[in-house]
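So the protein lines, in turn, are chains R and B.
If you're matching positions, the first sequence starts at 1 in the numbering used here and goes up one per residue.
If you're matching positions, the second sequence starts at 407 in the numbering used here and goes up one per residue.
Note that the Cβ used here is the ideal one computed from N, Cα and C, for glycine as well.
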Amino acid sequence: MIIEIFLAIRFLREGRGQSLLILAGVAVGVAVMVFLSALIDGLQQRIIGQTLGTQAHVVVRMPEEIVRPLLEPDEGQRIARVVQEPAQRTRSIVGWQRHLEAIERMPGVEAVSATVSGPGFALRGAASRSIVLFGVDPARYDTIYAVSQHMHAGAFAPSGTEAVIGIELAADLGVEVGDRIRIATAGDREQTFRIAGIFDLGNRDVNKRWAIVSLRAGQTMLDLVGGTTSIDVRVHDVFAADEVAGRIGSRTGLSAESWMQTNQQLMVALRSQSSSSQTIQAFVILAVAMGIASVLVVSVVQKQREIGILRAMGLSRQRVLRVFLVQGLVVGLLGSSVGSAMGAGLVIVFANAARNPDGSPLFLLRLEPPLFVTATVLATLVGLLAAVWPARRAARLDPAEAIRHV
Amino acid sequence: MSEPRGKGPVLEMRDVRKSYGEEVKVEVLHGIDLVVEHGELVALIGPSGSGKSTLLNLLGLLDRPSSGTLRILGQDVSEADDDVRTHLRAKALGFVFQFHHLVPALSAEENVRLPLSIARGRVSDADVPRALELLGEVGLSDRAKALPRQLSGGQQQRVAIARALAHDPPLVLADEPTGNLDTETADGVFELFRRFHRERGTAFIVVTHDPRIAQRCDRVVSLLDGVVVSDVRNGHAKA
Ligand SMILES: Nc1ncnc2c1ncn2[C@@H]1O[C@H](COP(=O)(O)OP(=O)(O)OP(=O)(O)O)[C@@H](O)[C@H]1O
Ligand SMILES: [Mg+2]
Numbered sequence: 001m002i003i004e005i006f007l008a009i010r011f012l013r014e015g016r017g018q019s020l021l022i023l024a025g026v027a028v029g030v031a032v033m034v035f036l037s038a039l040i041d042g043l044q045q046r047i048i049g050q051t052l053g054t055q056a057h058v059v060v061r062m063p064e065e066i067v068r069p070l071l072e073p074d075e076g077q078r079i080a081r082v083v084q085e086p087a088q089r090t091r092s093i094v095g096w097q098r099h100l101e102a103i104e105r106m107p108g109v110e111a112v113s114a115t116v117s118g119p120g121f122a123l124r125g126a127a128s129r130s131i132v133l134f135g136v137d138p139a140r141y142d143t144i145y146a147v148s149q150h151m152h153a154g155a156f157a158p159s160g161t162e163a164v165i166g167i168e169l170a171a172d173l174g175v176e177v178g179d180r181i182r183i184a185t186a187g188d189r190e191q192t193f194r195i196a197g198i199f200d201l202g203n204r205d206v207n208k209r210w211a212i213v214s215l216r217a218g219q220t221m222l223d224l225v226g227g228t229t230s231i232d233v234r235v236h237d238v239f240a241a242d243e244v245a246g247r248i249g250s251r252t253g254l255s256a257e258s259w260m261q262t263n264q265q266l267m268v269a270l271r272s273q274s275s276s277s278q279t280i281q282a283f284v285i286l287a288v289a290m291g292i293a294s295v296l297v298v299s300v301v302q303k304q305r306e307i308g309i310l311r312a313m314g315l316s317r318q319r320v321l322r323v324f325l326v327q328g329l330v331v332g333l334l335g336s337s338v339g340s341a342m343g344a345g346l347v348i349v350f351a352n353a354a355r356n357p358d359g360s361p362l363f364l365l366r367l368e369p370p371l372f373v374t375a376t377v378l379a380t381l382v383g384l385l386a387a388v389w390p391a392r393r394a395a396r397l398d399p400a401e402a403i404r405h406v
Numbered sequence: 407m408s409e410p411r412g413k414g415p416v417l418e419m420r421d422v423r424k425s426y427g428e429e430v431k432v433e434v435l436h437g438i439d440l441v442v443e444h445g446e447l448v449a450l451i452g453p454s455g456s457g458k459s460t461l462l463n464l465l466g467l468l469d470r471p472s473s474g475t476l477r478i479l480g481q482d483v484s485e486a487d488d489d490v491r492t493h494l495r496a497k498a499l500g501f502v503f504q505f506h507h508l509v510p511a512l513s514a515e516e517n518v519r520l521p522l523s524i525a526r527g528r529v530s531d532a533d534v535p536r537a538l539e540l541l542g543e544v545g546l547s548d549r550a551k552a553l554p555r556q557l558s559g560g561q562q563q564r565v566a567i568a569r570a571l572a573h574d575p576p577l578v579l580a581d582e583p584t585g586n587l588d589t590e591t592a593d594g595v596f597e598l599f600r601r602f603h604r605e606r607g608t609a610f611i612v613v614t615h616d617p618r619i620a621q622r623c624d625r626v627v628s629l630l631d632g633v634v635v636s637d638v639r640n641g642h643a644k645a
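Below you can see the structure in the form of C-alpha cells.
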C-alpha cells in the first residue's frame, strides 16, 4: 500500500470519534443534496411533462404582419398617432414542404409535423360547440403528441371524412365512436365527419375543444388548400428548445417559438425553484467543506509531533501533504457513499408517504444514477479541496520545531 | 570491524554556529568542529543545556546551522534544499530522539518498519521479518502488535532504537537512548549498537549521561556551553 494512503487511514482510524463525526456531517450533507435534487427534479419533470403533453416544443409559423409607421419622430419631437394592428388572418406558411424537410434534418430535432388549424363549430342536432379544428398527418402528429397512447375509444387515424375529438367534447355532443357530427368553419363550409376516435390528453380545455381531422380535410375546411398554418417540432432535449427555435428562425426566416417562450411564467417559476434549491445545496456543500477543513486542521495541530517524526525520518513534504489530502478524499468518498444511500432511503420513504387521495404517488421521484455520481464526485472533490489548507500547514511544519514540543 | 562503508568521513562539521531567537539572538553553539569517520562509535557528553540536542538536530538535518558548513557522506548540506535533505535523512540517518517519539497510530512493528516503508514509498509485508527480528534484538518480540501507548517508557525507547537501525543507515544519532532503561536493559541496547558497529560498520553518535556507556565508546566528545571542551579517543586525548 502506498505509504500516504496507509498513514492517512491510520490517522483517520486513530481519531475515530472525530472521523466518525465528520463522516456523519458529509453523509448528512450529501443526503440532503440527493433528496433535494430528486425532489425538485421529480417535481419539475412532472410539471414540464404535463405542460408539454399538449404543446409542441417548438411551433413554427409565418411571421406576424407588422405595421410600420410612415413617419418617425425626429429628435425632441413627438407624434400623436393611433397604430392599428392589422387583423391577423390565418396565413399559410409559404413553401412549407421545403421548410418541413429542412427543419427535420436540423440537429437536435426529433420529429416535425405540419398542421393546419383554425376555429370552427361542432354541431349535432341542436347542440353546437366552439372548437379548434386541426388538420394533420396523423402519423407525424402522433410522433409529437402521442395521441394514439391517450385514446379513450377508437383509434387515432383520421382519414377522409373521419374526425378524432376530445373526450369532453364527445360528452357535450353526446357522441360515441361511429357517430356522426357536422363541423362548420368561418367560410360557411360545413361537412359531416364520422367519429373515428375519442382522446383524453389530460387537459380539460384540450379535451373540450380539439377536433382533429386529416390534413387534406382540414385544408379544405379552413380554406387553405395545399397550405399549413404551423409546423410543430419535437426536440431531443426539451431545455434546448429555445436554442433550436433560434436556429430554425434564422434558417427559415419564419417565426419559431419554443415552449419556454410560450410558458414564460412557468419557466420563471421553475428557474427560481432550481436556483433556490441550488443555493441551499451550495450552502450545504460549504458547511461540509468547512467541517472537513476544521477537523483536519485540528488533526494537523494534534499530530504535529508525528508529522515532525515522519519528516525527520525522511518523509518528504509532498508525501506529508498527500497524507492529509488523502484523508479529505477518503472522508468525502466514504461520507458521500453513506449519504447517497441515506438520501435514496429518504426519497423512497417520502415518495411512499406523499400520495394523492386516490393512492397514486404525489411525486415521481426519480433516483437516477447520474445524481449519485454527481453527489459523490462533488463531495469527494470538496473533501479534497477542504483538505488543501490543512495539508499545506502539515507540509510546512518544521521538523525540529515539531519534535521539540513534547 | 567490517569494511568501511564509504570513503571519507561520514560527517564533517566546520566552525558551525547556531543561534536562536529573532530580535535577541542567543548563540547556543559557538563554532563546533567535528569529524566522524565511518564506523566510529562516539559518545557525546555534557551537562544539561550544553547544546547536545541542538548539535544532534543539526547533524540530523532537522535544523540548519546559522553559519559554518556541514557535510554528510561527503555531500555539503548546509545550503541544500529541503528535498535533498529529506532524501538524505531517509537514506543515511537513523534517529533515536531524546523523547523516544514513536508514531502513536502505528503498532510497535509498524513503527520499526517505518524507515523501510518511507524508503520504498509504500508499506510492504516483505519488511515485516526484518522489523520482527529487530524487535527481537531489543527483547520485544511479544509486543510487536502493541500500540505505543500500551508500552512502558523503556519499551517505547527500545522500539525507537530498533526503528533507528531498521534501514541499516551508515550513521545513527541517538539522544539519551538509555535514559529510561535499567542498567541491564541499557547494557543490552548498547550491546546492540556495538554489534551493528562491529558487523555493519555503522557510525553512532550517542548522547549519554551514563559514564559506563561513555567509557565503552571509541571516542568521547564533551560539550560545555556550546563548545567542544574535550575529544578523547580510546582513553587518550585526541590532538
Ligand atoms: N528553539 C530554541 N529556542 C531558543 N533556545 C533554545 C532552543 N532550543 C534550545 N535552546 C537553548 O539552547 C541550549 C541548549 O539546548 P539543548 O536542548 O541543545 O541542550 P542539551 O544539551 O540537549 O540539554 P539536555 O541534556 O537537558 O537535553 C539551552 O540553553 C536551550 O535553552
Ligand atoms: Mg537534550
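Asked	Found
For PHE324(R) and SER523(B), what's the separation of their Cα atoms in angstroms?	18 Å
Near ligand 1, which residues have their beta-carbon closer than 5 Å to a heavy atom?	TYR426(B), VAL434(B), SER454(B), GLY455(B), SER456(B), GLY457(B), LYS458(B), SER459(B) and THR460(B)
With distances taken between CB atoms, is the gap from LEU598(B) to GLY500(B) smaller than 8 Å?	no
Nearest by alpha-carbon distance to ALA155(R): which of ILE212(R), ALA114(R) and GLY135(R) is it?	ILE212(R)
Quick one: is PRO399(R) near chain B, going by C-beta distance under 8 Å?	yes
Alpha carbon to alpha carbon, how far is ALA217(R) from TYR141(R)?	15 Å
Closer than 9 Å, Cβ to any Cβ of chain A: which residues of the stretch 313-325 of chain R, in chain order?	Looking for chain A here will not work: the only protein chains present are R and B.
Could you check which residue in VAL132(R), SER258(R), GLY197(R) and GLN265(R) has the C-alpha nearest to that of ALA163(R)?	GLY197(R)
Let me know if ASN207(R) comes out buried or exposed under the rule of 16 or more other beta-carbons within 10 Å of its beta-carbon.	buried
What's the gap between the Cα of GLU303(R) and the Cα of ALA293(R)?	The question names Glu, but residue 303(R) is Lys in the sequence shown. Each residue's Cα considered, the two are about 15 Å apart.
Quick one: Cα of VAL147(R) to Cα of ILE165(R), how far?	11 Å
Find the nearest neighbour of THR419(R) within the set ALA341(R), VAL30(R) and ALA186(R), judged by alpha-carbon distance.	An answer regarding residue 419(R) cannot be provided, because it is not within the stretch 1 to 406 covered by chain R.
Helix, strand or coil, according to DSSP, for ALA643(B) in the structure here?	Residue placement at ALA643(B) is flagged as unreliable, the pLDDT there being 45, under the threshold of 50; a coordinate-derived value is accordingly withheld.
According to the neighbour-count rule (16 or more other Cβ atoms, all chains shown, within 10 Å of its Cβ), is LYS458(B) buried or exposed?	buried
Counting only the same chain and skipping the five closest in sequence on each side, list residues whose C-beta sits under 7 Å from that of MET426(R).	Because chain R in this structure spans residues 1 to 406, residue 426(R) falls outside the shown range and cannot be described.
In chain R, what lies closer than 7 Å to ASN463(B) by C-beta?	ALA400
State yes or no: is the C-beta of GLN563(B) nearer than 7 Å to some heavy atom of ligand 2?	no
For LYS424(B), count the other beta carbons within 10 Å of its own beta carbon; 16 or more makes it buried, fewer makes it exposed. Which is it?	buried
To the nearest angstrom, how far is it from the Cα of VAL578(B) to the Cα of ALA289(R)?	43 Å
Provide the residue span of the beta strand (DSSP E) that contains LYS413(B), from first to last.	Here LYS413(B) belongs to no beta strand (DSSP E), and DSSP marks it neither H nor E.
Run the CB neighbour count on MET407(B), radius 10 Å, all protein chains shown included, and call it buried at 16 or more, exposed below.	For MET407(B), the predicted model reports a pLDDT of 46, less than 50, meaning its position is unreliable; a value from the coordinates is still stated below. With fewer than 16 other Cβ atoms within 10 Å, it is exposed.
Which whole-angstrom value is the C-beta distance of VAL109(R) and ILE103(R), which I expect to be below 8 Å?	6 Å
Check whether the Cβ atoms of HIS444(B) and GLY607(B) lie closer than 8 Å to each other.	yes
Flag ASP581(B) as yes when its Cβ comes closer than 7 Å to any non-hydrogen atom of ligand 2, and as no otherwise.	yes
Cβ of HIS642(B) less than 8 Å from any chain R Cβ?	Reliability of the predicted coordinates at HIS642(B) is poor, the pLDDT of 47 falling under 50, and the value obtained from them is presented with this limitation in mind. No, HIS642(B) lies away from the interface with chain R (no Cβ there is under 8 Å from its Cβ).
Tell me, please, whether the CB atom of MET407(B) is closer than 8 Å to any CB atom in chain R?	Note that MET407(B) has pLDDT 46, beneath the 50 cutoff, so the model's placement of it is unreliable and the number below is only indicative. Cβ-Cβ to chain R under 8 Å: no for MET407(B).
Mind the definition here: the stretch 478-497 of chain B touches the stretch 534-545 of chain B only if three or more C-beta pairs lie below 8 Å; say whether that holds.	no
Is it buried or exposed, VAL422(B), if we count other Cβ atoms within 10 angstroms and call 16 or more buried?	buried
Can you give the Cα-Cα distance for LEU321(R) and LEU397(R), rounded to whole angstroms?	11 Å
Going by CA-CA distance only, name the one from PHE134(R), VAL338(R), ILE3(R) and GLY226(R) that's closest to GLN97(R).	GLY226(R)
Based on Cα-Cα distance, which residue from THR161(R), PHE6(R) and ALA38(R) lies nearest to ASP179(R)?	THR161(R)
Do you know offhand how far GLY202(R)'s Cα is from ILE48(R)'s?	13 Å
Go ahead and label GLY427(B) buried or exposed: buried means 16 or more other beta carbons lie within 10 angstroms of its beta carbon, across all protein chains shown.	exposed
Should GLN556(B) be counted as a contact of ligand 2 given a C-beta to heavy atom distance under 7 Å?	no
Going straight from the alpha carbon of ASP395(B) to that of GLN273(R), what length do you get?	Any property of residue 395(B) remains undetermined from this structure, which presents chain B solely from 407 to 645.
To the nearest angstrom, how far is it from the Cα of VAL59(R) to the Cα of ALA171(R)?	30 Å
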